[in-house]
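Colleague: My structure is below; once you've seen it, I'll send some questions.
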Amino acid sequence: MDRPVKTLLAPFEAGEVPLPETGSAWLFLNAADPGSAGDLFAQARLCCVQPSRPAFLALERAGHEVWPLAPVDEAFDGALVLLGKHRRLNEAMVASANQAVRPGGIVIVAGDKALGAASARKWAGGQVPLGGSLAKHHGIAFWFPASEDAFAGVALPVTEPAPGFAAAPGMFSSDRIDTGSALLAEHIDGRIAGAVADFGAGWGYLSGAVLTQARPASLDLVEAYRPALDQALANLAPLRGEVPVTGHWLDVTTEPLPGPFDWVVMNPPFHTGRASEPDLGRAFIAAAARALKPSGRLLLVANRRLPYEQTLRDRFAAFVEGEVRDGFKLIEASRPRRTGGQDAAARNSG
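Shown next as structure tokens:
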């Protein structure tokens, strides 16, 4: 069980909050596996909500009821909220939990001190009288009784990172076009044709460039964060014309992917936390090689310091490095090697 989850459940264990009653229903936003502490809910229903596909799959494997988005028009007896790193998303989750719980039911919120849990507590205390708070496991938990009058007007803000595109906190680069994607978009042109895929599509900026600058016969978006995928499909609706556009809520690195494709474009993520994680990008490259036709091509942008070259050698017969600008490099790879046994080696080498 992760440390923040221990903090979240600490009010139960300390006797500050009554244990869930038999037959009660609890909502868990930004859910993570509570492990053995989940026995607290053995006689209750715990409805987990997790929009990130890898975490969703982990909860599913652990046997939990899990949804990508919160059920609508359903009243819960209590709620748990696990805070993340995006302040406005945290505030929206707390407000949503309050709205989903019957008046008087308990809402428990917790997060890591380093990610602003104290600030979240102060903000919540300005919205509703808190029932209590405690610090444990390097985190802070606080709770309050749900109130119909609390958190009025609090909602997830809509941003406009590019003209005609909407996004929201929690999505990658929700307030602007990131530098890497801007570089890649400049190199999307009429050469890119046929069945095209955007891996790690986010809110759809690169897919928009494919629709307006390339010649796709079809376009598939693969994205692990469900709200971003839903937003991308909405953003692309005015641009698609007659091109079939399909969204896939999948973990590129672990799940079977659609295909085969003539082209894959991508700006693979390289952070799983605060540190760079090149293995994630390597796994994206390996996935692209599996999803491409034998004649297919990969066009990607990457942080120039990340060592993807050996993985590209392992997974493609040829690749060339293009423009390097503002700390990013453009790479085009061709003739994918389809040998699945090379996946592990590709992830663990350069």
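Its first residue numbered 1, the sequence shown is counted upward by one per residue in UniProt numbering.
In this text, a Cβ means the ideal position worked out from N, Cα and C, and glycines have one as well.
Quantities reported herein were computed from a predicted structural model and do not represent experimental measurements.
Have a look at Val210, Pro34, Tyr225 and flag the residue whose alpha-carbon is nearest the alpha-carbon of Leu239.
Modeller: Minimum Cα distance to Leu239 is reached at Val210.
Colleague: Per DSSP, what kind of secondary structure is Phe172 in: helix, strand or coil?
Modeller: Coil, per DSSP.
Colleague: Starting from Thr179, trace the alpha helix (DSSP H) both ways and give me its first and last residue.
Modeller: Unbroken alpha helix (DSSP H) run through Thr179: 179 to 186.
Colleague: According to DSSP, is Gly153 part of a helix, a strand, or is it coil?
Modeller: Gly153: coil per DSSP, three-state reduction.
Colleague: Which complete beta strand (DSSP E) runs does the segment 13 to 45 hold, if anything under 3 residues is left out?
Modeller: DSSP runs (the beta strand (DSSP E)) wholly in the segment 13 to 45: 25 to 29.
Colleague: What span of residues does the beta strand (DSSP E) with Trp143 cover, start to end?
Modeller: Per DSSP, Trp143 belongs to the beta strand (DSSP E) from 139 to 145.
Colleague: Give a yes or no on whether the C-beta atoms belonging to Trp143 and Pro11 are separated by under 8 Å.
Modeller: Contact flag set, yes.
Colleague: Starting from Thr311, trace the alpha helix (DSSP H) both ways and give me its first and last residue.
Modeller: Its alpha helix (DSSP H) spans residues 309 to 315.
Colleague: Under the rule that 16 or more other beta-carbon atoms within 10 Å means buried, what is Pro34, buried or exposed?
Modeller: Result: buried.
Colleague: Report the partner residues of Leu300 according to the DSSP bridge assignment.
Modeller: Met266, Ile331.
Colleague: Is Cys48 close to the ligand GDP? I mean its beta-carbon at under 7 Å from any heavy atom of the ligand.
Modeller: Among the components of this structure there are no ligands whatsoever, and the ligand GDP is therefore not found.
Colleague: DSSP on Arg274, reduced to helix/strand/coil?
Modeller: Interpretation of Arg274 is limited by its pLDDT of 45, a score under 50 that renders its predicted location unreliable; the figure taken from the coordinates is listed afterwards. Reduced to three states, the DSSP call for Arg274 is coil.
Colleague: Can you give me the C-alpha to C-alpha distance between Pro278 and Ile331, rounded to a whole angstrom?
Modeller: Each residue's Cα considered, the two are about 16 Å apart.
Colleague: Could you say which of Arg304, Asp326, Arg282, Glu160 lies nearest to Thr311 if we only look at CA atoms?
Modeller: Among Arg304, Asp326, Arg282, Glu160, the Cα nearest to that of Thr311 is on Arg282.
Colleague: Anyone know if the C-beta pair for Ser218 and Ala201 falls short of 8 Å?
Modeller: In this structure, Ala201 does not lie closer than 8 Å to Ser218 by Cβ.
Colleague: In the DSSP assignment, find the beta strand (DSSP E) that holds Asp251 and state where it starts and stops.
Modeller: Taken as a continuous stretch (DSSP letters only), Asp251 belongs to no beta strand (DSSP E), as it is neither H nor E.
Colleague: Note down the Cα distance separating Asp262 from Pro268, rounded to an integer number of angstroms.
Modeller: Whole-angstrom Cα-Cα distance: 18 Å.
Colleague: Any contact between the segment 211 to 231 and the segment 180 to 197? By contact I mean 3 or more CB pairs, one from each, below 8 Å.
Modeller: Contact holds: three or more Cβ-Cβ distances are below 8 Å.
Colleague: Quick check on Lys6: does DSSP put it in helix, strand or coil?
Modeller: It is helical.
Colleague: From what residue to what residue does the alpha helix (DSSP H) around Ser96 run?
Modeller: Note, Ser96: alpha helix (DSSP H), 87 to 100.
Colleague: Phe328: which of Leu300, Ser334, Lys113 sits nearest, CA to CA?
Modeller: Ranking the options by Cα distance to Phe328, first place goes to Leu300.
Colleague: Where does Arg282 sit, in a helix, a strand or coil, going by DSSP?
Modeller: Helix.
Colleague: Is the number of C-beta pairs between the segment 40 to 48 and the segment 5 to 25 that are closer than 8 Å three or more?
Modeller: Yes, they touch.
Colleague: For Ala318, name the three-state secondary structure that DSSP assigns.
Modeller: DSSP places Ala318 in strand when its eight states are reduced to three.
Colleague: Taking contact to mean 3 or more Cβ pairs, one atom from each stretch, closer than 8 Å, check whether the segment 233 to 251 and the segment 171 to 189 are in contact.
Modeller: Taking 8 Å as the limit for Cβ pairs, the verdict is that the segment 171 to 189 does not touch the segment 233 to 251.
Colleague: Does the contact criterion of 3 or more C-beta pairs under 8 Å hold for the segment 59 to 73 versus the segment 130 to 147?
Modeller: No, the segment 59 to 73 does not touch the segment 130 to 147.
Colleague: What separation, rounded to the nearest whole angstrom, lies between the Cα atoms of Leu9 and Ala228?
Modeller: The straight-line gap from Cα to Cα measures roughly 29 Å.
Colleague: Hey, how far is the Cα of Ile188 from the Cα of Thr179?
Modeller: Cα to Cα, Ile188 sits roughly 15 Å from Thr179.
Colleague: Across which residues does DSSP place Trp203 in a beta bridge pair?
Modeller: Answer is none; Trp203 lacks a bridge partner.
Colleague: Among residues of its own chain, excluding the 5 on either side of Phe56, which ones have a beta-carbon nearer than 7 Å to its beta-carbon?
Modeller: Closer than 7 Å at the Cβ level, and outside the excluded window around Phe56, lie Gln50, Val66, Pro68.
Colleague: Excluding the five sequence neighbours on either side, which residues of its own chain have a C-beta within less than 8 Å of the C-beta of Arg274, listed in chain order?
Modeller: Since pLDDT at Arg274 reaches only 45, below the 50 mark, its modelled position is unreliable, and the value read off the structure follows with that caveat. For Arg274, where only same-chain residues beyond five positions count, there are no Cβ hits under 8 Å.
Colleague: What residue range does the alpha helix (DSSP H) around Ala135 cover?
Modeller: Premise fails: Ala135 lies in the beta strand (DSSP E), 132 to 136, not in any alpha helix (DSSP H).
Colleague: Buried or exposed for Pro20, going by 16 or more other Cβ atoms inside 10 Å?
Modeller: With 16 or more Cβ atoms within 10 Å of its Cβ, Pro20 is classed as buried.
Colleague: Where Trp123 and Gly84 are concerned, what is the direct C-alpha to C-alpha distance, given to the nearest angstrom?
Modeller: When rounded, the distance between both Cα atoms is 15 Å.
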